[in-house]
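Plus 64 on top of the position in the sequence shown (first one is 1) and you've got the working numbering.
Working notes for the structure below.
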Amino acid sequence: MTKKPADIQELRKNKKEFGAELRKQISEYQERRKDGKEAWPGETRAAYDELNKRYEENEKALIEASNDDEIAKRMESLREDEEQSRRTKDRPGLDDKLPGEERSYGDAGFDRDSASEYAQRQRDKKLAFRSWLAVGMLSKNPQIVSDEMRAACQRNGFDPMQANIEIPLLSTEQHRAVQLEAYSMTREQRQAFAHSGEMRALSKYTAAKGAELVPQSFVTMLEMAMLAHGDFLNYVDTLTTQTGEATHWPIVDDTANEGAWVAVESEDTQIIGTPDPTFARLTWDAHELHSKWIKVPMALNEDSLFNMEMILAMVMGERLGRSINRSATTGNGTKQCKGITLDAPTGHTTAAAAAIALDDIIALEHSVDPAYRDESQYMFHDNILKYLRLLKDLEGRQLWQQSMRDGQPDKLNNKPYAYNQHMANAVASTNITAIFGRLSDYKLRRVKNVRVVRANERFVENLQIGFLGYVRVDGKLMRPTADAQTAVKKMVQKT
65 MTKKPADIQE LRKNKKEFGA ELRKQISEYQ ERRKDGKEAW PGETRAAYDE LNKRYEENEK
125 ALIEASNDDE IAKRMESLRE DEEQSRRTKD RPGLDDKLPG EERSYGDAGF DRDSASEYAQ
185 RQRDKKLAFR SWLAVGMLSK NPQIVSDEMR AACQRNGFDP MQANIEIPLL STEQHRAVQL
245 EAYSMTREQR QAFAHSGEMR ALSKYTAAKG AELVPQSFVT MLEMAMLAHG DFLNYVDTLT
305 TQTGEATHWP IVDDTANEGA WVAVESEDTQ IIGTPDPTFA RLTWDAHELH SKWIKVPMAL
365 NEDSLFNMEM ILAMVMGERL GRSINRSATT GNGTKQCKGI TLDAPTGHTT AAAAAIALDD
425 IIALEHSVDP AYRDESQYMF HDNILKYLRL LKDLEGRQLW QQSMRDGQPD KLNNKPYAYN
485 QHMANAVAST NITAIFGRLS DYKLRRVKNV RVVRANERFV ENLQIGFLGY VRVDGKLMRP
545 TADAQTAVKK MVQKT
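Laid out in C-alpha coordinates, this is it:
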(Lines of atoms letter the chains of each structure in order from A and count residues from 1; the text may use other names and numbers.)
(Lines give C-alpha, C1' and ligand atoms only; values in the text may rest on other atoms or scores of the structure.)
Protein backbone atom coordinates (compact mmCIF):
# COMPACT_ATOMS: atom_id res chain seq x y z
CA MET A 1 0.00 0.00 0.00
CA THR A 2 1.42 3.39 -1.01
CA LYS A 3 1.86 5.84 1.82
CA LYS A 4 -0.38 8.88 1.41
CA PRO A 5 1.71 12.06 1.03
CA ALA A 6 1.52 14.30 4.08
CA ASP A 7 -0.40 17.57 3.70
CA ILE A 8 2.10 20.38 4.13
CA GLN A 9 -0.45 22.77 5.63
CA GLU A 10 -1.41 20.18 8.23
CA LEU A 11 2.25 19.60 9.07
CA ARG A 12 2.84 23.32 9.51
CA LYS A 13 -0.21 23.50 11.77
CA ASN A 14 1.12 20.53 13.76
CA LYS A 15 4.51 22.19 14.15
CA LYS A 16 2.90 25.29 15.61
CA GLU A 17 0.67 23.29 17.95
CA PHE A 18 3.38 20.84 19.07
CA GLY A 19 5.80 23.72 19.64
CA ALA A 20 3.26 25.60 21.75
CA GLU A 21 2.50 22.49 23.81
CA LEU A 22 6.23 21.82 24.29
CA ARG A 23 6.75 25.33 25.60
CA LYS A 24 3.74 24.93 27.90
CA GLN A 25 5.00 21.63 29.35
CA ILE A 26 8.49 23.07 29.81
CA SER A 27 7.10 26.11 31.63
CA GLU A 28 5.02 23.89 33.91
CA TYR A 29 8.10 21.78 34.67
CA GLN A 30 10.09 24.91 35.55
CA GLU A 31 7.29 26.20 37.81
CA ARG A 32 7.10 22.89 39.68
CA ARG A 33 10.85 22.96 40.30
CA LYS A 34 10.71 26.59 41.38
CA ASP A 35 7.97 25.78 43.92
CA GLY A 36 9.87 22.78 45.25
CA LYS A 37 7.32 20.30 43.93
CA GLU A 38 7.92 16.96 42.24
CA ALA A 39 9.40 17.75 38.81
CA TRP A 40 7.59 14.98 36.91
CA PRO A 41 4.44 13.88 38.74
CA GLY A 42 2.35 11.02 37.39
CA GLU A 43 2.58 10.58 33.64
CA THR A 44 4.02 14.03 32.87
CA ARG A 45 7.49 12.76 31.92
CA ALA A 46 6.08 10.13 29.58
CA ALA A 47 3.84 12.78 28.00
CA TYR A 48 6.82 15.11 27.52
CA ASP A 49 8.92 12.36 25.91
CA GLU A 50 6.06 11.43 23.57
CA LEU A 51 5.54 15.07 22.56
CA ASN A 52 9.25 15.45 21.80
CA LYS A 53 9.07 12.38 19.60
CA ARG A 54 6.01 13.67 17.74
CA TYR A 55 7.62 17.08 17.22
CA GLU A 56 10.77 15.57 15.69
CA GLU A 57 8.77 13.20 13.47
CA ASN A 58 6.63 16.10 12.27
CA GLU A 59 9.75 18.16 11.50
CA LYS A 60 11.16 15.37 9.32
CA ALA A 61 7.82 14.93 7.54
CA LEU A 62 7.57 18.68 6.95
CA ILE A 63 10.99 18.81 5.30
CA GLU A 64 10.03 15.86 3.11
CA ALA A 65 6.61 17.19 2.13
CA SER A 66 7.83 20.70 1.34
CA ASN A 67 9.64 19.46 -1.76
CA ASP A 68 7.58 16.46 -2.90
CA ASP A 69 6.36 18.08 -6.10
CA GLU A 70 9.88 19.10 -7.09
CA ILE A 71 11.15 15.60 -6.37
CA ALA A 72 8.49 13.99 -8.52
CA LYS A 73 9.23 16.37 -11.40
CA ARG A 74 12.96 15.73 -11.26
CA MET A 75 12.67 11.96 -11.10
CA GLU A 76 10.19 12.01 -13.97
CA SER A 77 12.58 14.24 -15.90
CA LEU A 78 15.34 11.68 -15.47
CA ARG A 79 13.21 8.90 -16.90
CA GLU A 80 12.15 11.18 -19.75
CA ASP A 81 15.84 11.84 -20.48
CA GLU A 82 16.45 8.12 -20.90
CA GLU A 83 13.32 7.65 -23.00
CA GLN A 84 14.24 10.61 -25.20
CA SER A 85 17.70 9.16 -25.73
CA ARG A 86 16.16 5.90 -26.93
CA ARG A 87 13.71 7.69 -29.24
CA THR A 88 16.31 9.94 -30.85
CA LYS A 89 18.99 7.26 -30.95
CA ASP A 90 21.29 9.78 -29.31
CA ARG A 91 20.66 12.39 -32.01
CA PRO A 92 19.08 15.18 -29.95
CA GLY A 93 17.92 18.39 -31.53
CA LEU A 94 19.42 21.66 -30.36
CA ASP A 95 16.08 22.55 -28.76
CA ASP A 96 16.09 19.36 -26.67
CA LYS A 97 17.04 19.79 -23.02
CA LEU A 98 20.30 18.58 -21.57
CA PRO A 99 19.81 15.57 -19.26
CA GLY A 100 18.60 16.84 -15.88
CA GLU A 101 18.78 20.52 -16.88
CA GLU A 102 16.45 23.27 -18.01
CA ARG A 103 18.94 24.42 -20.65
CA SER A 104 18.77 23.10 -24.19
CA TYR A 105 21.77 21.77 -26.10
CA GLY A 106 21.71 24.98 -28.12
CA ASP A 107 21.69 27.15 -24.98
CA ALA A 108 24.78 25.30 -23.75
CA GLY A 109 26.66 26.10 -26.96
CA PHE A 110 26.50 22.67 -28.61
CA ASP A 111 26.21 22.29 -32.35
CA ARG A 112 24.34 19.29 -33.71
CA ASP A 113 27.39 17.01 -33.93
CA SER A 114 28.77 17.86 -30.48
CA ALA A 115 25.28 17.50 -28.98
CA SER A 116 25.08 14.02 -30.43
CA GLU A 117 28.53 13.10 -29.10
CA TYR A 118 27.68 14.42 -25.63
CA ALA A 119 24.39 12.53 -25.48
CA GLN A 120 26.10 9.33 -26.61
CA ARG A 121 28.80 9.66 -23.94
CA GLN A 122 26.22 10.19 -21.20
CA ARG A 123 24.23 7.17 -22.28
CA ASP A 124 27.35 5.02 -22.67
CA LYS A 125 28.37 5.77 -19.09
CA LYS A 126 25.07 4.48 -17.77
CA LEU A 127 25.04 1.40 -19.99
CA ALA A 128 28.65 0.41 -19.29
CA PHE A 129 28.24 0.77 -15.53
CA ARG A 130 24.99 -1.17 -15.51
CA SER A 131 26.62 -3.95 -17.51
CA TRP A 132 29.29 -4.22 -14.81
CA LEU A 133 26.58 -4.44 -12.15
CA ALA A 134 24.69 -7.08 -14.12
CA VAL A 135 27.50 -9.46 -15.13
CA GLY A 136 27.09 -11.58 -12.00
CA MET A 137 23.45 -12.21 -12.90
CA LEU A 138 24.15 -13.74 -16.32
CA SER A 139 23.87 -17.32 -15.05
CA LYS A 140 20.33 -16.62 -13.84
CA ASN A 141 19.30 -14.26 -16.65
CA PRO A 142 21.49 -14.52 -19.79
CA GLN A 143 19.59 -11.62 -21.42
CA ILE A 144 20.22 -9.08 -18.66
CA VAL A 145 23.28 -7.65 -20.44
CA SER A 146 21.75 -6.36 -23.65
CA ASP A 147 23.46 -5.88 -27.00
CA GLU A 148 23.22 -2.14 -26.39
CA MET A 149 25.17 -2.52 -23.13
CA ARG A 150 27.82 -4.65 -24.81
CA ALA A 151 28.22 -2.08 -27.58
CA ALA A 152 28.65 0.73 -25.04
CA CYS A 153 31.41 -1.27 -23.31
CA GLN A 154 33.17 -1.91 -26.63
CA ARG A 155 33.03 1.77 -27.63
CA ASN A 156 34.73 2.69 -24.35
CA GLY A 157 37.17 -0.21 -24.14
CA PHE A 158 35.59 -1.26 -20.85
CA ASP A 159 35.68 -4.87 -19.63
CA PRO A 160 32.58 -5.52 -17.48
CA MET A 161 34.03 -8.88 -16.36
CA GLN A 162 36.67 -7.23 -14.14
CA ALA A 163 36.07 -7.96 -10.47
CA ASN A 164 36.50 -4.42 -9.17
CA ILE A 165 36.38 -0.84 -10.37
CA GLU A 166 37.61 2.48 -9.03
CA ILE A 167 34.92 5.11 -8.52
CA PRO A 168 36.24 8.67 -8.13
CA LEU A 169 34.65 10.68 -5.36
CA LEU A 170 33.86 14.36 -5.78
CA SER A 171 36.72 16.83 -5.57
CA THR A 172 37.16 19.00 -2.49
CA GLU A 173 35.32 21.90 -4.16
CA GLN A 174 32.49 19.71 -5.46
CA HIS A 175 32.07 18.03 -2.09
CA ARG A 176 31.72 21.37 -0.32
CA ALA A 177 28.94 22.34 -2.72
CA VAL A 178 27.08 19.09 -2.03
CA GLN A 179 27.75 19.45 1.71
CA LEU A 180 25.90 22.77 1.74
CA GLU A 181 22.85 21.12 0.18
CA ALA A 182 22.79 17.86 2.08
CA TYR A 183 22.22 18.31 5.78
CA SER A 184 18.50 19.21 5.70
CA MET A 185 17.49 16.86 2.88
CA THR A 186 15.42 13.69 3.09
CA ARG A 187 16.27 10.51 1.18
CA GLU A 188 13.99 11.50 -1.73
CA GLN A 189 15.47 14.99 -1.88
CA ARG A 190 18.98 13.53 -2.05
CA GLN A 191 17.93 11.32 -4.95
CA ALA A 192 16.44 14.30 -6.75
CA PHE A 193 19.54 16.42 -6.13
CA ALA A 194 21.72 13.77 -7.73
CA HIS A 195 19.94 14.44 -11.03
CA SER A 196 19.23 18.14 -10.66
CA GLY A 197 20.61 21.15 -12.44
CA GLU A 198 22.64 21.97 -9.33
CA MET A 199 24.43 18.66 -9.65
CA ARG A 200 25.10 19.19 -13.34
CA ALA A 201 26.72 22.51 -12.47
CA LEU A 202 29.39 20.60 -10.56
CA SER A 203 30.53 19.01 -13.82
CA LYS A 204 32.57 22.12 -14.64
CA TYR A 205 35.39 20.55 -12.62
CA THR A 206 37.68 18.18 -14.50
CA ALA A 207 36.76 14.55 -13.93
CA ALA A 208 39.38 12.14 -12.71
CA LYS A 209 40.68 9.45 -15.04
CA GLY A 210 38.16 6.61 -15.14
CA ALA A 211 35.26 8.81 -14.09
CA GLU A 212 33.87 8.73 -17.62
CA LEU A 213 32.64 5.17 -17.03
CA VAL A 214 30.72 5.90 -13.81
CA PRO A 215 27.47 7.90 -13.97
CA GLN A 216 27.73 11.18 -12.06
CA SER A 217 24.41 10.41 -10.38
CA PHE A 218 25.88 7.27 -8.75
CA VAL A 219 28.86 9.19 -7.37
CA THR A 220 26.68 11.98 -6.02
CA MET A 221 24.14 9.58 -4.52
CA LEU A 222 27.00 7.82 -2.71
CA GLU A 223 28.27 11.17 -1.39
CA MET A 224 24.81 12.34 -0.32
CA ALA A 225 24.13 9.07 1.51
CA MET A 226 27.40 9.35 3.43
CA LEU A 227 26.52 12.89 4.50
CA ALA A 228 22.93 12.08 5.41
CA HIS A 229 23.87 9.14 7.63
CA GLY A 230 26.98 10.75 9.08
CA ASP A 231 25.45 13.72 10.90
CA PHE A 232 28.77 15.26 11.93
CA LEU A 233 30.16 14.89 8.39
CA ASN A 234 27.93 17.72 7.18
CA TYR A 235 30.00 20.20 9.20
CA VAL A 236 33.60 18.98 9.01
CA ASP A 237 36.11 20.36 6.52
CA THR A 238 36.70 17.58 3.98
CA LEU A 239 39.84 17.34 1.84
CA THR A 240 39.92 14.88 -1.08
CA THR A 241 43.44 13.84 -2.15
CA GLN A 242 44.56 12.01 -5.27
CA THR A 243 46.76 9.45 -3.48
CA GLY A 244 46.95 7.72 -0.13
CA GLU A 245 50.30 9.21 0.88
CA ALA A 246 50.45 10.95 4.26
CA THR A 247 49.04 14.48 4.10
CA HIS A 248 50.53 17.21 6.28
CA TRP A 249 48.69 20.28 7.49
CA PRO A 250 50.67 23.22 8.92
CA ILE A 251 49.31 24.87 12.07
CA VAL A 252 50.37 28.10 13.72
CA ASP A 253 49.52 29.24 17.26
CA ASP A 254 50.23 32.95 17.71
CA THR A 255 47.52 33.70 20.28
CA ALA A 256 50.02 34.76 22.98
CA ASN A 257 51.64 37.47 20.86
CA GLU A 258 50.55 41.05 20.22
CA GLY A 259 51.89 44.01 18.32
CA ALA A 260 53.87 46.82 19.99
CA TRP A 261 53.50 50.59 20.05
CA VAL A 262 56.40 52.53 18.60
CA ALA A 263 57.93 54.84 21.21
CA VAL A 264 59.28 58.32 20.32
CA GLU A 265 62.90 57.33 20.41
CA SER A 266 65.83 57.39 18.12
CA GLU A 267 66.32 54.44 15.84
CA ASP A 268 69.48 53.58 17.74
CA THR A 269 67.82 53.23 21.15
CA GLN A 270 64.50 51.62 20.20
CA ILE A 271 64.30 47.88 20.85
CA ILE A 272 61.89 45.89 18.72
CA GLY A 273 60.78 42.55 20.18
CA THR A 274 60.55 39.64 17.77
CA PRO A 275 58.38 36.95 19.36
CA ASP A 276 58.08 33.89 17.17
CA PRO A 277 54.72 32.21 16.52
CA THR A 278 54.55 28.54 17.37
CA PHE A 279 54.47 26.39 14.26
CA ALA A 280 53.52 22.73 14.13
CA ARG A 281 52.03 20.30 11.67
CA LEU A 282 49.52 17.50 11.84
CA THR A 283 49.60 14.39 9.67
CA TRP A 284 46.61 12.64 8.14
CA ASP A 285 47.02 9.02 7.03
CA ALA A 286 44.67 6.91 4.90
CA HIS A 287 42.94 4.23 6.99
CA GLU A 288 40.94 1.69 5.00
CA LEU A 289 37.26 1.11 5.72
CA HIS A 290 34.83 -1.20 3.94
CA SER A 291 31.05 -1.30 3.71
CA LYS A 292 30.62 -5.03 4.42
CA TRP A 293 28.97 -7.14 1.74
CA ILE A 294 25.83 -5.82 0.09
CA LYS A 295 23.94 -8.81 -1.33
CA VAL A 296 21.72 -8.45 -4.39
CA PRO A 297 19.38 -11.14 -5.81
CA MET A 298 20.40 -12.55 -9.18
CA ALA A 299 16.77 -12.68 -10.31
CA LEU A 300 16.62 -9.11 -11.61
CA ASN A 301 15.76 -7.95 -15.11
CA GLU A 302 17.24 -5.13 -17.17
CA ASP A 303 14.59 -2.63 -16.04
CA SER A 304 15.59 -3.25 -12.42
CA LEU A 305 19.18 -2.13 -13.02
CA PHE A 306 18.21 1.54 -12.84
CA ASN A 307 16.88 1.06 -9.30
CA MET A 308 19.75 -1.25 -8.36
CA GLU A 309 22.27 1.45 -9.29
CA MET A 310 20.60 3.91 -6.92
CA ILE A 311 20.00 1.41 -4.11
CA LEU A 312 23.62 0.22 -4.19
CA ALA A 313 24.89 3.80 -3.95
CA MET A 314 22.51 4.57 -1.09
CA VAL A 315 23.24 1.45 0.99
CA MET A 316 27.00 1.67 0.46
CA GLY A 317 27.00 5.37 1.27
CA GLU A 318 24.87 4.89 4.38
CA ARG A 319 27.15 2.19 5.80
CA LEU A 320 30.35 4.09 5.07
CA GLY A 321 28.86 7.34 6.34
CA ARG A 322 27.80 5.82 9.66
CA SER A 323 31.22 4.23 10.19
CA ILE A 324 33.14 7.40 9.35
CA ASN A 325 30.84 9.46 11.57
CA ARG A 326 31.35 7.09 14.53
CA SER A 327 35.11 7.15 14.08
CA ALA A 328 35.22 10.96 13.67
CA THR A 329 33.20 11.23 16.88
CA THR A 330 34.69 8.61 19.22
CA GLY A 331 37.57 6.92 17.33
CA ASN A 332 40.86 6.34 19.14
CA GLY A 333 43.09 7.31 16.20
CA THR A 334 44.60 3.83 15.78
CA LYS A 335 43.90 2.63 12.21
CA GLN A 336 40.89 4.96 12.22
CA CYS A 337 40.03 8.64 12.70
CA LYS A 338 40.67 10.34 16.02
CA GLY A 339 37.29 11.38 17.36
CA ILE A 340 36.41 14.96 18.21
CA THR A 341 35.18 13.89 21.66
CA LEU A 342 38.71 12.65 22.43
CA ASP A 343 40.63 15.47 20.75
CA ALA A 344 38.59 18.46 21.93
CA PRO A 345 39.75 19.93 25.25
CA THR A 346 37.29 20.11 28.12
CA GLY A 347 35.71 23.52 28.15
CA HIS A 348 33.49 22.86 31.15
CA THR A 349 32.67 20.15 33.66
CA THR A 350 29.11 20.24 34.93
CA ALA A 351 28.30 20.98 38.55
CA ALA A 352 26.21 17.81 38.84
CA ALA A 353 26.86 14.33 37.50
CA ALA A 354 23.30 13.68 36.32
CA ALA A 355 22.10 17.17 35.42
CA ILE A 356 22.80 20.06 33.05
CA ALA A 357 21.96 23.60 34.18
CA LEU A 358 21.87 26.99 32.48
CA ASP A 359 25.20 27.85 34.13
CA ASP A 360 26.76 24.81 32.44
CA ILE A 361 25.63 25.93 28.99
CA ILE A 362 26.89 29.48 29.53
CA ALA A 363 30.23 28.20 30.84
CA LEU A 364 30.66 25.91 27.83
CA GLU A 365 29.96 28.74 25.37
CA HIS A 366 32.37 31.10 27.10
CA SER A 367 35.13 28.49 27.13
CA VAL A 368 35.41 29.12 23.37
CA ASP A 369 37.26 32.28 22.33
CA PRO A 370 34.83 35.08 21.30
CA ALA A 371 36.58 35.26 17.93
CA TYR A 372 35.18 31.82 17.07
CA ARG A 373 31.71 32.04 18.59
CA ASP A 374 29.92 33.60 15.61
CA GLU A 375 30.81 30.47 13.60
CA SER A 376 30.10 28.05 16.44
CA GLN A 377 27.31 25.60 17.07
CA TYR A 378 26.38 22.83 19.46
CA MET A 379 26.51 19.13 18.76
CA PHE A 380 24.86 16.44 20.88
CA HIS A 381 22.75 13.28 20.82
CA ASP A 382 19.02 13.66 20.20
CA ASN A 383 18.30 12.45 23.76
CA ILE A 384 20.42 15.28 25.17
CA LEU A 385 18.39 17.83 23.20
CA LYS A 386 15.26 16.46 24.83
CA TYR A 387 16.85 17.31 28.17
CA LEU A 388 18.16 20.75 27.09
CA ARG A 389 14.72 21.83 25.91
CA LEU A 390 13.74 22.06 29.57
CA LEU A 391 16.26 24.82 30.35
CA LYS A 392 15.42 28.55 30.62
CA ASP A 393 17.61 31.64 30.62
CA LEU A 394 17.78 34.25 33.41
CA GLU A 395 14.78 36.08 31.93
CA GLY A 396 12.66 32.94 32.07
CA ARG A 397 12.87 32.32 28.31
CA GLN A 398 13.50 28.82 27.04
CA LEU A 399 17.00 28.19 25.69
CA TRP A 400 15.49 26.13 22.87
CA GLN A 401 14.05 28.34 20.14
CA GLN A 402 11.68 26.87 17.60
CA SER A 403 12.16 28.01 14.01
CA MET A 404 9.03 29.44 12.40
CA ARG A 405 10.31 28.97 8.84
CA ASP A 406 10.54 25.78 6.79
CA GLY A 407 14.12 24.65 6.27
CA GLN A 408 15.51 26.93 8.99
CA PRO A 409 17.10 25.17 11.98
CA ASP A 410 15.86 25.40 15.54
CA LYS A 411 18.41 26.91 17.93
CA LEU A 412 19.70 26.54 21.46
CA ASN A 413 20.63 29.78 23.25
CA ASN A 414 20.61 31.52 19.84
CA LYS A 415 23.12 29.05 18.37
CA PRO A 416 22.38 26.35 15.77
CA TYR A 417 22.84 22.76 16.78
CA ALA A 418 23.69 19.48 15.07
CA TYR A 419 22.61 15.97 15.98
CA ASN A 420 25.23 13.28 16.45
CA GLN A 421 23.80 9.90 17.38
CA HIS A 422 27.28 8.54 18.13
CA MET A 423 27.69 10.87 21.11
CA ALA A 424 26.58 10.00 24.66
CA ASN A 425 22.81 9.51 24.83
CA ALA A 426 22.33 10.08 28.57
CA VAL A 427 23.12 12.74 31.17
CA ALA A 428 25.31 10.58 33.40
CA SER A 429 28.61 10.78 35.24
CA THR A 430 31.73 11.32 33.02
CA ASN A 431 29.69 11.37 29.78
CA ILE A 432 30.63 13.92 27.12
CA THR A 433 27.17 15.36 26.59
CA ALA A 434 27.87 18.33 24.30
CA ILE A 435 30.39 19.83 21.92
CA PHE A 436 30.45 23.57 21.19
CA GLY A 437 32.59 25.45 18.70
CA ARG A 438 33.59 25.76 15.07
CA LEU A 439 33.02 22.21 13.87
CA SER A 440 34.84 22.85 10.58
CA ASP A 441 38.09 22.79 12.57
CA TYR A 442 37.74 19.02 12.40
CA LYS A 443 39.53 18.02 9.19
CA LEU A 444 38.56 14.85 7.33
CA ARG A 445 40.94 13.58 4.66
CA ARG A 446 39.85 10.97 2.14
CA VAL A 447 41.50 9.41 -0.88
CA LYS A 448 39.90 10.16 -4.24
CA ASN A 449 38.83 6.70 -5.35
CA VAL A 450 36.36 4.30 -3.78
CA ARG A 451 37.10 0.71 -4.80
CA VAL A 452 33.97 -1.35 -5.44
CA VAL A 453 34.37 -5.14 -5.58
CA ARG A 454 31.85 -7.52 -7.15
CA ALA A 455 31.70 -11.16 -6.02
CA ASN A 456 29.88 -13.39 -8.51
CA GLU A 457 30.37 -16.75 -6.76
CA ARG A 458 30.69 -16.00 -3.03
CA PHE A 459 26.92 -16.03 -2.34
CA VAL A 460 25.81 -18.14 -5.28
CA GLU A 461 24.18 -20.79 -3.04
CA ASN A 462 21.65 -18.12 -2.08
CA LEU A 463 21.32 -16.92 -5.69
CA GLN A 464 22.93 -13.61 -4.79
CA ILE A 465 25.89 -11.55 -5.91
CA GLY A 466 27.82 -9.33 -3.52
CA PHE A 467 29.21 -5.81 -3.71
CA LEU A 468 31.77 -4.35 -1.31
CA GLY A 469 32.99 -0.75 -1.15
CA TYR A 470 36.37 0.36 0.20
CA VAL A 471 37.25 3.94 1.12
CA ARG A 472 40.39 5.38 2.73
CA VAL A 473 39.98 8.20 5.26
CA ASP A 474 41.51 9.87 8.30
CA GLY A 475 40.32 12.69 10.51
CA LYS A 476 41.35 14.76 13.49
CA LEU A 477 40.81 18.11 15.14
CA MET A 478 43.21 20.97 14.39
CA ARG A 479 45.01 20.72 17.72
CA PRO A 480 48.77 20.12 17.46
CA THR A 481 49.46 19.77 21.20
CA ALA A 482 47.44 18.95 24.31
CA ASP A 483 47.67 22.55 25.58
CA ALA A 484 47.01 24.28 22.24
CA GLN A 485 44.07 26.65 21.88
CA THR A 486 41.17 25.30 19.84
CA ALA A 487 37.90 26.63 18.46
CA VAL A 488 36.05 23.56 19.78
CA LYS A 489 35.39 22.56 23.41
CA LYS A 490 33.48 19.74 25.07
CA MET A 491 31.27 19.53 28.14
CA VAL A 492 31.84 16.61 30.50
CA GLN A 493 29.48 15.48 33.22
CA LYS A 494 30.90 15.62 36.75
CA THR A 495 32.49 12.43 38.03
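For glycine and all other residues, C-beta sits at the position ideal for the given N, C-alpha and C.
Values in this document were obtained by computation on a predicted structure and should not be read as measured data.
- Per DSSP, ALA427 is one residue of the alpha helix (DSSP H) stretching across 422-430.
- In this structure, the CA atom of ALA324 is about 34 Å from the CA atom of LYS554.
- Secondary structure note for LEU369: its alpha helix (DSSP H) is the uninterrupted segment 368-394.
- In the three-state DSSP reduction, TRP325 falls in the coil class, being neither helix nor strand.
- It is roughly 55 Å from the alpha-carbon of ALA310 to the alpha-carbon of ARG97.
- In the structure shown, VAL524 falls within a helical segment according to DSSP collapsed to helix, strand and coil.
- Taken atom to atom, the span from the alpha-carbon of THR559 to that of GLY539 is near 29 Å.
- Of the other Cβ atoms in all chains shown, fewer than 16 fall within 10 Å of the Cβ of PRO206; this residue is therefore exposed.
- In the same chain as ALA377, and ignoring 5 residues on each side of it, the C-beta atoms closer than 7 Å to its own belong to PHE282, MET285, LEU286 and ALA289, in chain order.
- At a Cβ-Cβ threshold of 7 Å, ARG515 and GLY308 do not count as neighbours.
- Following the DSSP letters along the chain, one finds TYR436 inside the alpha helix (DSSP H) bounded by residues 434-437.
- Burial state of MET443 is buried, judged by a 10 Å Cβ sphere holding 16 or more other Cβ atoms.
- Judged by DSSP in its simplified three-state form, GLY501 adopts strand.
- Straight across, the Cα-Cα distance linking ARG543 with GLU74 is about 47 Å.
- Ranking ASN495, ARG502, SER493 and ALA490 by CA distance to the CA of ALA482 puts ARG502 first.
- A straight line joining the alpha-carbon of LEU346 with that of LYS402 spans about 12 Å.
- With 16 or more other CB atoms across the displayed protein chains lying within 10 angstroms of its CB, MET380 is buried.
- Under the three-state reduction of DSSP output, ARG185 falls in the helix class.
- With contacts defined by Cβ atoms closer than 7 Å, VAL209 and TYR506 do not form a contacting pair.
- ARG390 is not a Cβ neighbour of SER355, given a cutoff of 7 Å.
- Here the C-alpha atom of ARG76 lies approximately 46 Å from the C-alpha atom of ALA548.
- At the C-beta level, VAL491 and TYR451 come within 7 Å of one another.
- According to DSSP, GLN465 shares a beta bridge with LYS475.
- Burial check for ASN371: the Cβ neighbour count within 10 Å stays below 16, so the residue is exposed.
- LEU303 places its beta carbon less than 7 Å from that of ARG509.
- In this structure, PHE531 lies near ARG518, with their beta-carbon atoms less than 7 Å apart.
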